[in-house]
Amino acid sequence: MEDDRSLLLRAIRIAVEGIADGGGPFGAVITRNGNILSEAVNRVVQNSDPTAHAEVTAIREAASKLKSHDLKDCILYCSCEPCPMCLGAIYWAGIRKVVYACDRNDAANAGFSDRDIYDEIIKKPPDRQIRFLRLENTGGNEVFKKWERYDNRISY
4 MEDDRSLLLR
14 AIRIAVEGIA
24 DGGGPFGAVI
34 TRNGNILSEA
44 VNRVVQNSDP
54 TAHAEVTAIR
64 EAASKLKSHD
74 LKDCILYCSC
84 EPCPMCLGAI
94 YWAGIRKVVY
104 ACDRNDAANA
114 GFSDRDIYDE
124 IIKKPPDRQI
134 RFLRLENTGG
144 NEVFKKWERY
154 DNRISY
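Going letter by letter, the sequence shown gives residues 4 to 159 in the working numbering.
In structure tokens:
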């Protein structure tokens, strides 16, 4: 069983390996009960997928292995403080502990600034840089009503 420091060093090491493979400088490791479930590197460019961050990819792999969306018993080790997208995925997955090395300022100094996203999140939709247009009276609420009546729903 490895400790927090050695697992964080592992995430950093795979981040370095990811750079050599053409990926971004980010690595992630997810454990459960001291066992490694998944490891991932940033593959945004290789996969042509803006969501292929190391943390999200590791979460997907761990959830798939566990056959569950609930990773509340897992720990995420990552080479850098998770970005807003990854932070959202961490909350949705239920992960309760994240150990990281560098922070958002270190990432910004390397050209990966999330400041604009953090600033946008707190704004109301009409005030954001991206145009958000809500169309009401479209029947969209019927989907939620159907969900509320669905006997086999699994909350998350």
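For glycine and all other residues, C-beta sits at the position ideal for the given N, C-alpha and C.
Return yes when at least one heavy atom of the ligand ATP lies under 7 Å from the C-beta of valine 44, else no. Only the bare structure without any ligand can be found here, which leaves the ligand ATP out of the picture.
Could you tell me if valine 146 is buried or exposed, where buried requires 16 or more neighbouring beta carbons within 10 angstroms of its beta carbon? Looking at its Cβ environment, which holds fewer than 16 other Cβ atoms inside 10 Å, valine 146 is exposed.
Residues near leucine 11 in its chain [Cβ-Cβ closer than 7 Å; skip 5 each side]: Take leucine 11, set aside five residues on each side of it, and the residues of its chain with a beta-carbon closer than 7 Å to its own are Tyr80, Val102 and Ala104, in chain order.
Look at the alpha carbon of isoleucine 93 and the alpha carbon of alanine 57, and state the distance between them as a whole number of angstroms. Distance from the CA atom of isoleucine 93 to the CA atom of alanine 57, rounded to whole angstroms, is 12 Å.
Roughly how many angstroms lie between the CA atoms of glycine 142 and lysine 149, to the nearest whole one? Between glycine 142 and lysine 149, the C-alpha separation is close to 11 Å.
To the nearest angstrom, how far is the alpha carbon of leucine 69 from that of arginine 35? Separation of leucine 69 and arginine 35 (C-alpha to C-alpha, rounded to the nearest whole angstrom) is 10 Å.
Contact the region 63 to 78 vs the region 29 to 45: 3+ CB pairs below 8 Å: The region 63 to 78 makes contact with the region 29 to 45: 3 or more CB pairs, one atom from each, lie closer than 8 Å.
Excluding the 5 residues preceding and the 5 following alanine 96 in the sequence, name in chain order all residues of the same chain whose CB lies nearer than 6 Å to its CB. Excluding positions up to five away in sequence, the list reads Ile62 and Leu74.
Residue ranges of each alpha helix (DSSP H) within the region 49 to 77, 4 or longer: Fully enclosed alpha helix (DSSP H) runs of 4 or longer: 57 to 69.
Quick check on leucine 79: does DSSP put it in helix, strand or coil? The three-state reading of DSSP puts leucine 79 in strand, counting E and B together.
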